[in-house]
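K.L.:
Handing you a structure now.
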Amino acid sequence: MNIKNTIADTVMEYICRLLLVGTLIYLIVRWNAIPDQIPTHYNAAGEIDGWGGKGMVWLPVVISWGLYLGITFIGHYPELWNTGVKITEKNKEKVYRLIKYLIGTSKLILVSVFTLLTVFSTLEKPFPVWFTGIYLAVLIGDMAFWLIRIFMERK
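Quick note on numbering: the UniProt record's numbering labels position 152 of the sequence shown as 152, and the sequence is numbered without any gaps.
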């Protein structure tokens, strides 16, 4: 089944790409200003609790690109999706459309967080204490919102 992109799909996709490419440009431009030791891990309170060499700044970038490419690949194959509801001719288009939104918003949230992680690491800054709670609330809230809408379409 071919699920056409909406304006929202296109906007989310371009924001993801802008963040990914922007992070690469940011690192290239600022490379000489990045300290030799950078934070490599943050605890749940946003405090830095691990340090590593400057080259470690590329790890979240690689993970971000891997997640982006993997999620994008999966997004092109609805037959691989576990919908959680019985697909019928009546609900097929609506359920797949909602799942595509779920995939797109989740991808945008993950790419955004890894971009922030990269920038905060290069600046040697801890995350604000509220960051983990907000991030988890947004990610879980996003999934709950779309899953509830999907389950409402199970007729």
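All C-beta atoms in this analysis are idealised placements derived from N, C-alpha and C, irrespective of residue type, glycine included. Bear in mind that the values here come from a model prediction, so they are computed numbers and not experimental data.
(1) May I ask which residues mark the beginning and end of the alpha helix (DSSP H) holding proline 39?
(2) Can you list, in chain order, the residues of its chain with a C-beta nearer than 7 Å to that of asparagine 32? Leave out the 5 residues immediately preceding and following it.
(3) For glycine 46, which residues in the same chain have their Cβ closer than 7 Å to its Cβ, ignoring the five residues on either side in sequence?
(4) Determine, using beta-carbon pairs with one atom in the stretch 63-72 and one in the stretch 134-152, whether at least three such pairs fall under 8 Å.
(5) What would DSSP say about glycine 141, mapped onto helix, strand or coil?
(6) Can you name, in chain order, every residue of its own chain whose Cβ lies under 7 Å from the Cβ of isoleucine 15, other than the five neighbours on each side?
P.N.:
Once the coordinates are examined:
(1) No alpha helix (DSSP H) holds proline 39; the beta strand (DSSP E) holding it covers 37-42.
(2) none
(3) Excluding five sequence positions before and after glycine 46, the CB atoms of its chain that fall closer than 7 Å to its own CB belong to Pro126, Phe127, Pro128, Val129, Phe131, Thr132, given in chain order.
(4) Segments in contact, no.
(5) helix
(6) Leu108
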